[in-house]
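Each number in the working numbering corresponds to the 1-based position in the sequence shown with 119 added. Heads up: the structure comes next, in structure tokens.
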Amino acid sequence: MRRKSLQNNLSFAFVQALYDYQEDRCAICQRVNGEPGDGSDWLQMDHWGGCCERVSKDDKTCGECVRGLLCGGCNSRLLSWYEQAPESLRTITQVNDYLANWPTSAVRQQGFT
Numbered sequence: 120m121r122r123k124s125l126q127n128n129l130s131f132a133f134v135q136a137l138y139d140y141q142e143d144r145c146a147i148c149q150r151v152n153g154e155p156g157d158g159s160d161w162l163q164m165d166h167w168g169g170c171c172e173r174v175s176k177d178d179k180t181c182g183e184c185v186r187g188l189l190c191g192g193c194n195s196r197l198l199s200w201y202e203q204a205p206e207s208l209r210t211i212t213q214v215n216d217y218l219a220n221w222p223t224s225a226v227r228q229q230g231f232t
């Protein structure tokens, strides 16, 4: 979690609050995460790609564009395809709900930065 906070210009408390808010689950498919810190934490930090100009995956985000925690399948395969698909094909309720209501927005409303 510490790496995720540093990589995305977020406080450790914010990232912990995000894990708590999402109940250690992928925000789209609800698959349960492993235990943070024991090597089985496989949730990925999803961010809106239209915000920060990142040359490589090692570049930091501004933090404002982070949307939530997703499993690899939802983040790398589903969401990347879905956001480029024609509007008529964007019919998956769980994805539409996620894109309309970023988990990070709820965490920020709780006072975390």
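For every residue, glycine included, the Cβ atom is placed at its ideal position computed from N, Cα and C.
Among R209, C190, A204, G230, which residue has its Cα nearest to the Cα of R150?
-> Numbered from 1 along the sequence shown, position 31 holds the residue referred to as residue 150. Here the closest residue by C-alpha is C190.
Expected contact under 8 Å - CB spacing of C193 and C145 to nearest Å | Your numbering for residue 193 matches position 74 in the sequence shown. Your numbering for residue 145 matches position 26 in the sequence shown. About 5 Å separates the two Cβ atoms, so the contact holds.
Could you tell me how far apart the beta carbons of L188 and M164 are, in whole angstroms, since I believe they sit closer than 8 Å?
-> Stepping through the sequence shown from its first residue, residue 188 is reached at position 69. Stepping through the sequence shown from its first residue, residue 164 is reached at position 45. Their Cβ separation, rounded to whole angstroms, is 6 Å, which keeps L188 and M164 in contact under 8 Å.
Roughly how many angstroms lie between the CA atoms of N127 and T180, to the nearest whole one?
-> For this step, residue 127 is matched to residue 8 along the sequence shown. For this step, residue 180 is matched to residue 61 along the sequence shown. Distance between the alpha carbons of N127 and T180: 5 Å.
Which term fits A136, buried or exposed, when burial requires 16 or more other beta carbons within 10 angstroms of its beta carbon?
-> Counting from one through the sequence shown, the residue named residue 136 turns up at place 17. By the neighbour-count rule (16 or more Cβ atoms within 10 Å), A136 is buried.
Min CB distance S195 to chain D below 7 Å = Considering every chain present, this structure includes no chain D. It has just one protein chain.
Within 10 angstroms of its Cβ, does Q141 collect 16 or more other Cβ (buried), or is it exposed?
-> The sequence position of residue 141 within the sequence shown is 22, counting from 1. By the 10 Å Cβ count, Q141 comes out buried.
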